[in-house]
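Below is one structure, written out as structure tokens; comments come after it.
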Amino acid sequence: MLEGSPRTPRNDRQESNVQNAVVNGNGRSYVVALPDNDAAASIADRLGGPERVLASHVSGRPLLVGTLSGNRLISGSADEACVSVVGQCAVTQEEMNRYAARASAPTDFSRVQLQCSGSFLTFGSYQGNVYASGQALETRRLWWCSIGENTVISDRADVLAELADLAFDETAIALRLLPAQPHPIDQIGLWSGVQPLPGDQALLVGQDGEARRITWWNMPSEDVDLQNGAVAFRDALEKAVTSRTAGNAEVVCDLSGGLDSTPICYFAAANSGSGIVARTLFHPDPGGREDLAWAKKALTVMPNVREHLVKSTDEFVDFYEGVDEVNVVLDEPTQAITAGPRIMALLSEDAQKNAAIHLNGLGGDHILRGVAGWEHTLARSHPLLAWRRSRSEHIPAGTSVMSTLRQLSDRRSYRAWLADGIAKKAKSLRPPGVNDWSSPLALPEWLSADARETVVKAVRSLLSGLDPLHPTVAGHSDIYFARDAAKLVRGTGQLGNPFGVAYEAPLLDDRVVEAAFRVRRTERDTPLEWKPLMKSAMRGILPKGYLMRTSKVGGGAQSVRGYLRHHDVLVGLVEESGLLDGGLIDRTAFLNSTRPDRWEPPSPEIHNVVNLGKFILNQRRTAPVAA
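What follows is the structure, encoded as structure tokens:
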């Protein structure tokens, strides 16, 4: 199905503009966890043998095999147990030894995941029985598959697919073309036989290679007021930052002047002995220098900022320029690909400065700003307040009183909501309403009849026994949108692997998100104030004048210009991947609906197709990790 066609060549100007933004080769960082038996040990030999063994079972057989770039490994052991974390975590070897010594069952290793700050994976072995878990919100996550009689685990789905010689799942490919992918569509792996491990679950694998799943994480109750919640949130965010900046590593921080990256930059600077590098970007469009002005206000109270780099976006490639040259191999398609050229230019500069860590503010909008579904849940306990909050958004949008009332009174289950979505077969994406559990399904008009039938059949097959991520619309939405942001963060993190730079988003760490989730939603965000939780958390730390900021200028104009200039190259990329003529897409309808407009940003639908196309191309070209 996915046979490619001849590639559309780039012109000389485009080629020269992306030279410094692109790394040739895949530079994959990965870890594989193996059961404690001889058959599993032979898999380690295929991955490079003793040189690639990162940690061993007490028996001496390999537990963890792989290669790490931008990730730390901290391990501990005791008589019958050993435990390791992979990622960004400030835990010490002595503390890990204590975790190992206190274990009396594999499930006890969940204490590491529950108690430590940072973003990391936990692997343990107790009497030869394996424990593995990732982040609940999935900034770092795990996959598993069967190889022979053994269950093998990895943080990269493509590595498992190579080890087990698995092919793409064509139904999963079709589902990834959808502009919105509600749970559990967003969890489906792209290779037949590679299974996702949901972030709130751990995998236990016995010495016989058999596996079972347990739940280690539950969403906290939202029962803390803003004043107390802000203190806990500030403490969690500072610990998240210092879990990455501990030691003498060179640190670069985004300093956009916004309420996400700026607090992170402050905490990195305040806890740095050698100082940090802060970077602010601005653009020449109207309002484009606003970020720089706000960043300078915040800088007045930041200690240990050794260097403040200021750059215009005119020094970078256009939006959408160089996407076809992003050759870093990701294990699932995300917007990290279309955002890749500019991010990789920054990472290249970081590497030249010998930076090991680059901190960004991704995820702030997803945990600090509310969604319409909050009001649906609020209406169950405070109907008048829910009504007022809903109407404050609906009146400016022209939504009728009856429509607001219908949405607030909608009592469909998650299963019924998703079933109705696939039955309606809406052709265009729309923002979630008050009664939407997450982003609603849409089947673009350019999907072929066969693809449409495949998608409908696949979604209906998921409905039996399907439960939401949380019993309430608000809780489900919170988890879904945080994990949606984490998917981007995980992808951008993989962009940093070839550079040896950890590109990290502390705002989406489990401990930080938990602290945000505990704050009452009516106080975490309101129609009258911009990100009140972060403002309360940073009051008395960042300047009062800075905390008066109420908005942030976007890059819409740059997006319009970039898409207009580079549309043909993006279409050529999709064509080369085989998607355009592979039976899933109606070529004529796709080209018509994604034609650039001189005044409007491109449809979000084009991103998923381009990201998927480039993902397929890079997977096709990459060198294998296993013999």
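Mapped onto UniProt numbering, the consecutive letters of the sequence shown carry residue numbers 1 to 627. Glycine included, C-beta positions come from ideal geometry on N, C-alpha and C.
Does the beta-carbon distance from residue i to residue j come in below 8 Å?
| i | j | result |
| --- | --- | --- |
| L533 | P263 | no |
| residue 653 | A81 | The requested residue 653 is not part of the displayed model; the chain covers only 1 to 627. |
| D314 | P286 | no |
| S477 | W437 | yes |
| D510 | L137 | yes |
| G373 | V459 | no |
| residue 646 | L166 | Nothing in the structure corresponds to residue 646, since the chain is present only between 1 and 627. |
| V323 | L570 | yes |
| G247 | G199 | no |
| R141 | L190 | no |
| V112 | V83 | yes |
| P62 | A39 | no |
| L441 | G465 | no |
| A482 | V501 | no |
| E445 | K427 | yes |
| L385 | A268 | no |
| residue 635 | G229 | Since the first and last residues shown for the chain are 1 and 627, residue 635 lies out of range. |
| R412 | A474 | no |
| V91 | G66 | no |
| R591 | A174 | Looking at the sequence shown, residue 591 is not Arg but Leu. Their beta carbons are not under 8 Å apart, which means L591 does not touch A174 by this criterion. |
Go ahead and pull the three-state DSSP assignment for residue i.
| i | result |
| --- | --- |
| A623 | coil |
| C265 | helix |
| F316 | coil |
| A356 | strand |
| K425 | coil |
| Q201 | strand |
| S274 | coil |
| P50 | helix |
| A336 | coil |
| W191 | strand |
| R415 | helix |
| I585 | strand |
| G66 | strand |
| E504 | strand |
| I214 | strand |
| G134 | coil |
Do you know how far the Cα of residue j is from the Cα of residue i?
| i | j | result |
| --- | --- | --- |
| I188 | G275 | 42 Å |
| R561 | T594 | 14 Å |
| V574 | D581 | 9 Å |
| L64 | L203 | 15 Å |
| D79 | G124 | 13 Å |
| V159 | I153 | 10 Å |
| V23 | D223 | At V23 the pLDDT is 31, less than 50, meaning the model places this residue with poor confidence; the figure from the coordinates comes in the next sentence. Cα to Cα, V23 sits roughly 47 Å from D223. |
| R10 | E170 | In this prediction, R10 scores a pLDDT of 32, lower than 50, which makes its location untrustworthy; the coordinate-derived value is nonetheless stated afterwards. Computed Cα separation, rounded: 29 Å. |
| K544 | W530 | 14 Å |
| A419 | P432 | 16 Å |
| P182 | L462 | 11 Å |
| T399 | P498 | 49 Å |
| R28 | Q227 | 43 Å |
| R415 | V277 | 48 Å |
| E307 | S221 | 41 Å |
| A397 | G572 | 38 Å |
| R342 | C253 | 15 Å |
| W144 | I357 | 28 Å |
| P624 | M402 | 58 Å |
| residue 651 | H376 | The question about residue 651 has no answer, for the chain in this structure spans 1 to 627. |
| S603 | G76 | 49 Å |
| L617 | P471 | 39 Å |
Could you tell me which of the options sits nearest to residue i, measuring between CA atoms?
| i | options | result |
| --- | --- | --- |
| P179 | H567, A386, V455 and S536 | V455 |
| A626 | L447, H57 and A164 | A164 |
| D586 | S448, R61 and E600 | S448 |
| C89 | A100, D108, F120 and Y99 | F120 |
| Q127 | L612, D155, D36 and E307 | D36 |
| A336 | L584, S192, N611 and G500 | N611 |
| S577 | E600, L591, V609 and V371 | V609 |
| W216 | S192, S256, T107 and L309 | T107 |
| R490 | R234, S413, L330 and F319 | L330 |
| V317 | T588, A355 and Q558 | Q558 |
| C116 | M96, A101, V130 and A105 | M96 |
| F109 | R176, G148 and Q201 | Q201 |
| N150 | A33, T377 and E523 | A33 |
| L259 | P184, R539 and I74 | R539 |
Consider the Cβ of residue i: report whether some Cβ of chain D lies at a distance smaller than 8 Å.
| i | result |
| --- | --- |
| L160 | Among the chains of the structure shown, chain D does not appear; only one protein chain is present. |
Check whether the stretch 293-311 touches the stretch 266-282, counting contact only when three or more Cβ pairs, one atom from each stretch, lie closer than 8 Å. Short answer: they touch.
Quick test of the definition: if touching needs 3 or more C-beta pairs under 8 Å, does the stretch 206-222 touch the stretch 233-243? The stretch 206-222 is not in contact with the stretch 233-243.
On the three-pair Cβ rule with 8 Å, is the stretch 480-496 touching the stretch 353-363? Yes: the two stretches touch, three or more of their Cβ pairs being nearer than 8 Å.
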